[in-house]
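Novice:
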Amino acid sequence: MTDTTAAPGAASIPGDVTAERNRATTARRFRPNGSAIVMGLYLLFLMLPIYWLLNMSLKTNAEILGTFSLWPRDVTFENYVTILTDASWYMGYVNSLIYVVLNTVISLAVALPAAYAFSRYSFVGDKHLFFWLLTNRMAPPAVFALPFFQLYSSVGLFDTHIAVALAHCLFNVPLAVWILEGFMRGVPKEIDETAYIDGYSFGRFFVRIFMPLISSGIGVAAFFCFMFSWVELLLSRTLTSVDAKPIAATMTRTVGAAGIDWGVLAAAGVLTIIPGALVIYFVRNYIAKGFALGRV
Amino acid sequence: MTLTLENVSKVVGSDTHIHPTDLRLEPGTMNVLLGPTLSGKTSLMRLMAGLDQPSTGRILWQGDDVTGMRVQDRKVAMVYQQFINYPSMTVYDNIASPMRLLGLDRAEIDRKVRETADLMKLSPLLDRKPLELSGGQQQRCALARALVKNAGLVLLDEPLANLDYKLREELRAEIPRIFEDSGAIFVYATTEPEEALLLGGHCATLWEGRVTQFGPTPVVYRQPADMTTARVFSDPPMNFLSVEKRGERLHFGDGQSVPAGSLVAGLNDGGYIAGFRPNHLEIDAQDGAMTFETTLTVTEITGSETFVHLDHHGERWVGLVHGVRSLTPGQTLTVHLDPSHVYLFETSGALKQPAPYSEAA
């Protein structure tokens, strides 16, 4: 800042420009207070595991096990190279992405009309059915692992992507219906009627007029489907063995003859976080409304 | 192009929204549905539009039965009280959308959109989204969309109710002019008697799901068929007084009577209900007027006029008198009423004899 005050020509600017600058600098200087410290500590605790994961992924196994270091002494990308070149690793990501995307598409395709029906029509038992949908989310996936395993094995769906995608619909469809219904309820019914009067058929109205209106809701619902399907381990591990083995399962089974490969596991962990972070970026403004199931 | 409702009714669950109704709307006419909130204006409109199916009866369009026809296939346009546009489209696309669905060619659509936008004073706003417009502009956009479609039946459901006073007056003057040339049937729902009179045309008064009277607006206003119609088509509502005609006098209350002279000539002796509009009550003495002793309960000063709420032996009356009066609530007030402004109804409610002034006009 001293450079600025002494800048040539500064004195010729009318008014006391430099004094203004100095005041502003003082105000901006960080003065720790109680809430900043609490917030700082909270962020530290929050970020520490993620930092440690990143830290580990850039170290060699020898360093991880041998010394305690806050940052990698000897930065190596060897762990990432291993994952991105070894099919048994990167296919885990491919498999996961396939069934997650499949699940998101199926969930939305089913939930959009269902949510529209719940938001626009009243029929016998609609409220009970609507609530019952949500209770599906309350059962632990372990409950359904056994029936799914037996069912899919007997119809030849075991170890396929669609099997996992369908299994995840069990809890993602109700969630998507609830979120979308909340967003749809915010759209006045008169818009539907105006569109019909104007001559729109139902399908055309739904795609051309209605979906743009609830696009943020669709984005949020897609994000939640993506997220829950991406992090779900139990069903995806139970229903797959080789061909559709998800990354989370790969990670839990990596105990080699030489013990656990810490560095590669950490690198896999870092890569697992990335898709979620990417997706959340696009819906960041609507997440709060999504968590409230669209009812804000 | 005529729209005919034959014995149309709408029952939802145990509620009767519309009692059986017969209506015939002629082409190129403005038809006002007048009634208080929940009187069935919107229900009736939704039946006309085909958005709801009638529980009984038939709806005929140019003589063809269109009951149960998909709303997409009916040549109707509708504007709601809320400003309903397609928020994700620009104003231009909003106005163009009904024509695009009809499959008109691009140049034709462009010409009509610009023409209508000019008429509705939307030309500088064509590239905006509806939510970036003011309320009046949004509603003009909705009206433009209803207009370009060239529909034979245009339904306007309290289109001005959500607008501020000034805009409402401006658009109210524009609407009949804009739609005049189209030759379509207009149906305009409103809760305000004044608005119905300003729009002219025909008027149907609604009360609790029943059309109580349908006819040219001034006729309905001047010669209401019954007490309900008179009450609906008067703001504040018409005042009523139970009277007993004996000879040349009208007796009422406990023993009071007024000479009625020519008003009751030719009527049988018996019980009637006299009705008169608030603006016909006068505080200043008049020649040949009937006089009533009342107690003043509330006064409301609107600026150039004063509303007086009166208690006449337990009956509540409202008077609208010119000028600002300094009156004290609780005082007794003598009010005067010219007999030529008095309607006489049967005790059943049907009109026995319209006020003499209304027949002269």
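Chains as they are written, first to last, in UniProt numbering: chain X, 1 to 296; chain W, 1 to 361.
All C-beta atoms, glycine included, are put in the ideal place defined by N, C-alpha and C.
For Ala288(X), count neighbouring Cβ atoms within 10 angstroms of its own Cβ and tell me buried if that reaches 16, exposed if not.
Specialist: exposed
Novice: Should the segment 210 to 222 of chain W be regarded as contacting the segment 175 to 192 of chain W, the criterion being three or more beta carbon pairs within less than 8 Å?
Specialist: no
Novice: In angstroms, rounded to a whole number, what distance separates the CA positions of Tyr86(W) and Lys129(W)?
Specialist: 9 Å
Novice: Closest to Glu78(X) by CA distance: which of Ile273(X), Val264(X), Val279(X) is it?
Specialist: Nearest option by C-alpha distance: Val264(X).
Novice: Taking all protein chains shown into account, decide if Ser107(X) is buried (16 or more other Cβ within 10 angstroms of its Cβ) or exposed.
Specialist: buried
Novice: I need the straight-line Cα distance from Gln82(W) to Leu133(W), nearest angstrom please.
Specialist: Their backbone Cα atoms lie some 14 Å apart in a straight line.
Novice: Measure the C-alpha to C-alpha separation of Phe214(W) and Thr104(X) and round it to an integer number of angstroms.
Specialist: 57 Å
Novice: I'd like to know whether the C-beta of Ile247(X) is nearer than 7 Å to at least one C-beta of chain W.
Specialist: no
Novice: Say whether chain X places a C-beta atom closer than 7 Å to the C-beta of Leu104(W).
Specialist: With 7 Å as the cut-off, Leu104(W) does not count as an interface residue toward chain X.
Novice: Along chain X, in chain order, which residues have C-beta atoms closer than 7 Å to that of residue 407(W)?
Specialist: As shown, chain W starts at 1 and ends at 361. That puts residue 407(W) outside it, with no answer to give.
Novice: For Leu47(W) and Trp317(W), I'd like the C-alpha separation in whole angstroms.
Specialist: Each residue's Cα considered, the two are about 37 Å apart.
Novice: Kindly confirm or deny that the segment 134 to 147 of chain X and the segment 161 to 178 of chain X touch, where touching means at least three C-beta pairs closer than 8 Å.
Specialist: yes
Novice: With H, G and I counted as helix, E and B as strand and the rest as coil, what does DSSP make of Met99(W)?
Specialist: For Met99(W), the three-state secondary structure derived from DSSP is helix.
Novice: Less than 7 Å separating the beta-carbons of Leu153(W) and Gly135(W)?
Specialist: no
Novice: How would you call Thr5(X), buried or exposed, if buried means at least 16 neighbouring beta carbons within 10 angstroms?
Specialist: Unreliable positioning characterises Thr5(X) in this predicted model, as indicated by a pLDDT of 43, which lies under 50. The coordinate reading is nonetheless provided below. Exposed: under 16 other Cβ atoms inside 10 Å.
Novice: Should Lys149(W) be labelled buried (16 or more other beta-carbon atoms within 10 Å of its own) or exposed?
Specialist: So Lys149(W) ends up on the buried side.
Novice: Would you decide whether His280(W) is buried or exposed? Buried here means 16 or more other CB atoms lie within 10 Å of its CB.
Specialist: buried
Novice: Return the Cβ separation of Gly288(W) and Gly183(W) in integer angstroms, given the expectation that the two are a contact with Cβ distance under 8 Å.
Specialist: That belief does not hold up - the Cβ atoms of Gly288(W) and Gly183(W) are roughly 49 Å apart, past 8 Å.
Novice: Is the shortest distance between the beta-carbon of Ile218(X) and the beta-carbons of chain W less than 7 Å?
Specialist: Judged by the 7 Å Cβ criterion, Ile218(X) is not in contact with chain W.
Novice: Please classify Lys189(X): does DSSP put it in a helix, a strand, or coil?
Specialist: helix
Novice: Compute the Euclidean distance between the alpha carbons of Tyr42(X) and Leu48(X), then round it to the nearest angstrom.
Specialist: 10 Å
Novice: Measuring straight from C-alpha to C-alpha, what distance separates Asp338(W) and Arg231(W)?
Specialist: Answer to the nearest angstrom: the Cα atoms are 20 Å apart.
Novice: Distance cutoff 7 Å, beta carbons only. Does Val81(X) sit that close to anything in chain W?
Specialist: no
Novice: Chain X partners of Arg145(W), CB-CB under 9 Å?
Specialist: Here the neighbours are Thr194, Asp198.
Novice: Please say whether Glu190(X) and Tyr80(W) have beta carbons closer to each other than 7 Å?
Specialist: Yes; because the gap between Cβ atoms is below 7 Å, this pair is in contact.
Novice: What first and last residue would you give for the alpha helix (DSSP H) that runs through His128(X)?
Specialist: Going by DSSP, His128(X) is part of the alpha helix (DSSP H) stretching over 126 to 135.
Novice: For Pro356(W) and Asn94(W), what's the separation of their Cα atoms in angstroms?
Specialist: It is roughly 52 Å from the alpha-carbon of Pro356(W) to the alpha-carbon of Asn94(W).
Novice: Along the chain, where does the beta strand (DSSP E) that runs through Ser242(W) open and close?
Specialist: 239 to 246
Novice: Based on the DSSP secondary-structure assignment, which residues constitute the bridge partners of Thr299(W)?
Specialist: Val308(W)
Novice: If you drop the 5 nearest sequence neighbours on each side, which residues of the same chain put their C-beta closer than 7 Å to that of Asn7(W)?
Specialist: Short of 7 Å from the beta carbon of Asn7(W), and not among the five residues preceding or following it, lie these beta carbons of its own chain, in chain order: Pro20, Asp22, Thr56, Gly57.
Novice: Which of the residues in the segment 167 to 195 of chain X, read from start to end, lie with their CB under 7 Å from any CB of chain W?
Specialist: Pro188, Glu190, Ile191, Glu193, Thr194
Novice: Just curious, the alpha helix (DSSP H) that Ile273(X) is in, first and last residue?
Specialist: 262 to 282
Novice: Between Ser43(W) and chain X, is there a C-beta pair that is closer than 7 Å?
Specialist: Ser43(W) does not count as touching chain X.
Novice: Using 7 Å as the threshold, is the C-beta distance between Ala267(X) and Ser57(X) below it?
Specialist: yes
Novice: Is it buried or exposed, Thr2(X), if we count other Cβ atoms within 10 angstroms and call 16 or more buried?
Specialist: Model confidence at Thr2(X) stands at a pLDDT of 42, short of 50, so the residue's coordinates are unreliable; what they give is reported in the following sentence. By the 10 Å Cβ count, Thr2(X) comes out exposed.
Novice: What residue from Leu351(W), Val91(W), Leu60(W) has the CA that sits closest to Met1(W)'s CA?
Specialist: Ranking Leu351(W), Val91(W), Leu60(W) by Cα distance to Met1(W) puts Leu60(W) first.
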